[in-house]
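Protein chains in written order, with this note's numbering: chain A, 1111 to 1594; chain B, 1076 to 1520.
Below, the structure is given as structure tokens:
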């Protein structure tokens, strides 16, 4: 693959570009699912290709191909340059990149058990055992369980002389139980909705999750929700579990701090951001106990946003995003760093495979653990506690959000007094974070994986990481999804 | 990168037989996609992608699994077949698994344009430059995309199915931004000649101009005029439930509602792969020809889609809407056509004493799967209508709206047009005038 990357780089540099980088990628993927006692989707895939990004005539050009023959690479290189030249038809200024060092490195993510050495029949046996637990009560009309494994090797080569070989292995698994009866659908999922938990790990993640032991409780809750009370509408203290808080971070902090979005380059699709440049180091984004980092380093944990170098050859870094409530940083790229007075990118450019251009993407955007015990977080006189996301929506500048969860409980003095169905809460991003009253400590902190973050045109799907622990928020609007 | 599908299939069948397997399916797809993206009145991302993929499914004694690759040399083809067979042998047998589909006749559709397939980066860039110039000359800022795709899809199996489809698709989308307001327009067609980027740019900048200094109105129930893209992105969310498998799973809102009137009498919906404004292959993921379905007739739920397995279970004929196997979802309609009416957006505005005109909806997510309540936001052109006229732009609303209630409150329909949004696939839908639409919150812009 190194030869392939260098051959492609040579093909574009011969044409006299200002800058170029090439990513040669080999991806392997396995997905195994079960549904109601049967094998569902059992598939494997592999994909190889090369993406060539050039800066010429002051404009970017990008061409990608799965034809990695000499002829195919030459054609893609020529097309990338032709595309850059075409960009001059609507150019305002030449693209300028922040300086970066040259790196030669090889990095392989930690993986204790190679998931591709575990046979499919063992995957299925594990999932079918979970399925059996979920369907003990015939009231469960749909039981689904899944595993997903990906390995991507990428060789990055650039005209500044970098040659970086990275291999990342990710794993994910989860299950759900759906109960339809009396004109109502209720569903519970574990350990998270929409596929479960995903991390930068091998098959050891599946063992750690201990999925089957949680299946009976999840099935019972899906059934019990049918006889639970409707979540009330009003203003309450809200406690959210760490998986839901991970998605809250993703939507109301992670996306707004993407500097390309702030600068308008996502305006037509993903939208813009309320975090305009004048807010940096001025906005009270959260209460004093709120500290958020964007951290791609392995020290942060095995997140879907963990790597050694981003997709334009910049080393993984930690950036303070919110420090004691103050907004302190954006996610940047080599092209955008100067817009916020930085001399260097903080390494957030990521691409969805060989066929896509790197964009500013979340790495691991995490709420740092707090100092409260779990009893203190849950210790409010009266609160609503919500678990596991069911729906999520936020406006295109990331002010107004609404989240629905699968299940909730009314809490009094730290005790669960009744189960509530169809819970939801809504608010304005910075008002919500300023209402943060308690954050549980590091022993309750989990680095969650969001495997399906969409952005860009053509759309790219990216895995991001979000660490969080259960937290309490004061006076939050609850129940709006069923209002009116 | 020309690929001979028949030659690939021969290699697939030979490789499978060498492993002692007779029943095998190959899906070969090739794609040439290009997209010119602009923002801040300049082209900033400009990309092209050439790719091919071979996906092979084996079936052995009731077991089935799939393996895919984009290595189309003889070794790559042989290895993907071996991989498909290896994982198939490790799966569990399914007593409801059916032999692969039999050959069928396909009614052809012509949705491929040579000029669109061979458009150059310079042609796209020139078109974009003209659209930007129009917006910039109005003192506004443009962002958007102009994309062209050329795709070819061939499905073959060892029983003799040979289904082939090729299509081009052009898309132009533009957001025009003024101080404190924005406007949006988008169109798609298999031929780029039938898209008018400059007209779309003028429409977007006009909306941005008209919605300047937006007023904040309280949340509540309003009469709304949803333009076709807004109808598409909201109503389009429900069609995955018109599925026999979804109903059997208990995840469809149509459980216990087939044959019942759940929408207004003026709502009729077909699934029609041959509609002149539609796109997509006239066969499904197993090679079964698509049938025209009447999903809703005068508000009553009529037909649902059946894949082969669901059809066999129900004792009916498959409708040609199955996804490639193996999958958990079964089937879904793919070519939605909602019947239009004799009104228009202009007539709807003229007939509205007080209401909200909505250009586009955003970030739509399901709140309640059985009541089919969805939440989302308005975006890029939301207006107050008073006394039959657009009088002001308004701050964007959050809605929480049940689709059964909404489609029972439709008071007028415009002509059905091909609409393109960002939340679901393109469909043929009309603009709608709807009473009592449920806006629950207002945002800050």
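The beta carbon of each residue, even a glycine, is placed where N, CA and C say it ideally should be.
query, result
"Taking residue 1301 of chain B as part of the alpha helix (DSSP H), name the residues at either end of that continuous run.", "From DSSP, residue 1301 of chain B is part of no alpha helix (DSSP H) but of the beta strand (DSSP E) over 1295-1301."
"Determine, using beta carbons only, whether residue 1526 of chain A and residue 1516 of chain A come nearer to each other than 9 Å.", "no"
"Output the distance between the C-alpha atoms of residue 1223 of chain B and residue 1514 of chain B, rounded to the nearest integer angstrom.", "36 Å"
"Going by C-alpha distance, which of B:1502, B:1498, B:1451, B:1120 is nearest residue 1512 of chain A?", "B:1451"
"Within the continuous beta strand (DSSP E) that includes residue 1578 of chain A, where are the two ends?", "1570-1578"
"Using the beta-carbon count (16 or more within 10 Å), is residue 1371 of chain A buried or exposed?", "buried"
"Name the two residues that bound the continuous alpha helix (DSSP H) containing residue 1137 of chain B.", "First-last for residue 1137 of chain B: undefined, no H or E at that position."
"From which residue to which residue does the alpha helix (DSSP H) around residue 1122 of chain A run?", "1112-1123"
"Hey, is residue 1442 of chain B's beta-carbon within less than 9 Å of any beta-carbon in chain A?", "yes"
"Enumerate, from N- to C-terminal direction, the unbroken beta strand (DSSP E) stretches of 3 or more residues contained entirely within the segment 1445-1526 of chain A.", "1475-1477, 1492-1504, 1510-1522"
"Tell me which residue opens and which closes the alpha helix (DSSP H) that residue 1216 of chain B is part of.", "Where residue 1216 of chain B is concerned, there is no enclosing alpha helix (DSSP H), although the beta strand (DSSP E) it sits in stretches over 1216-1232."
"By the 10 Å Cβ neighbour count, where 16 or more other Cβ atoms means buried, how is residue 1387 of chain A classified, buried or exposed?", "exposed"
"Fully enclosed by the segment 1302-1341 of chain B, which beta strand (DSSP E) runs are 3 residues long or longer?", "none"
"Please determine, among B:1150, B:1124, B:1167, B:1151, the residue with the shortest C-alpha to C-alpha distance to residue 1140 of chain B.", "B:1167"
"Ends of the beta strand (DSSP E) at residue 1176 of chain A?", "First-last for residue 1176 of chain A: undefined, no H or E at that position."
"Taking 9 Å as the CB-CB cut-off, is residue 1568 of chain A touching chain B?", "yes"
"If you measure beta-carbon to beta-carbon, which residues of the segment 1186-1204 of chain A are closer than 9 Å to chain B?", "1186, 1189, 1190, 1192, 1193, 1194, 1195, 1196, 1197, 1198, 1199, 1200, 1201, 1202, 1203"
"Would you kindly report the start and end of the unbroken alpha helix (DSSP H) that includes residue 1542 of chain A?", "1539-1544"
"Please list the partners that residue 1507 of chain A has in chain B, where partner means a Cβ-to-Cβ separation under 8 Å.", "1518, 1519, 1520"
"Can the beta-carbon of residue 1262 of chain A be found less than 9 Å from the beta-carbon of residue 1246 of chain A?", "no"
"Please give the ranges of any beta strand (DSSP E) in the segment 1193-1219 of chain A, keeping only runs that are unbroken, at least 3 residues long and fully inside the region.", "1214-1218"
"Can you check whether the CB of residue 1558 of chain A is closer than 9 Å to the CB of residue 1356 of chain A?", "yes"
"Closest to residue 1287 of chain B by CA distance: which of B:1442, B:1084, B:1215 is it?", "B:1215"
"In whole angstroms, give me the CA-to-CA distance for residue 1146 of chain B and residue 1520 of chain A.", "55 Å"
"Chain B partners of residue 1169 of chain A, CB-CB under 8 Å?", "1118, 1121"
"May I ask you to list the residues that DSSP assigns as paired with residue 1339 of chain A?", "A:1530"
"Mapping the DSSP letters down to three states, classify residue 1552 of chain A as helix, strand or coil.", "helix"
"Classify residue 1305 of chain A as buried or exposed, calling it buried when 16 or more other Cβ atoms lie within 10 Å of its own Cβ.", "buried"
"Could you tell me which uninterrupted beta strand (DSSP E) segments, each at least 3 residues in length, are contained entirely in the segment 1128-1198 of chain B, listed from first to last along the chain?", "1138-1144"
"For residue 1348 of chain A, which beta-bridge partners are listed by DSSP?", "A:1494, A:1583"
"Taking the alpha helix (DSSP H) that residue 1447 of chain B falls in, what are its first and last residues?", "Per DSSP, residue 1447 of chain B belongs to no alpha helix (DSSP H) and is neither H nor E."
"What residue does the beta strand (DSSP E) around residue 1261 of chain B start on, and which one ends it?", "1256-1264"
"Answer yes or no: do residue 1412 of chain A and residue 1311 of chain A have a C-beta to C-beta separation smaller than 9 Å?", "yes"
"Under a Cβ-count criterion, where at least 16 other Cβ atoms within 10 Å of its own Cβ denotes burial, should residue 1206 of chain A be classed as buried or exposed?", "exposed"
"Taking the beta strand (DSSP E) that residue 1274 of chain A falls in, what are its first and last residues?", "1273-1291"
"Roughly how many angstroms lie between the CA atoms of residue 1467 of chain A and residue 1567 of chain A, to the nearest whole one?", "10 Å"
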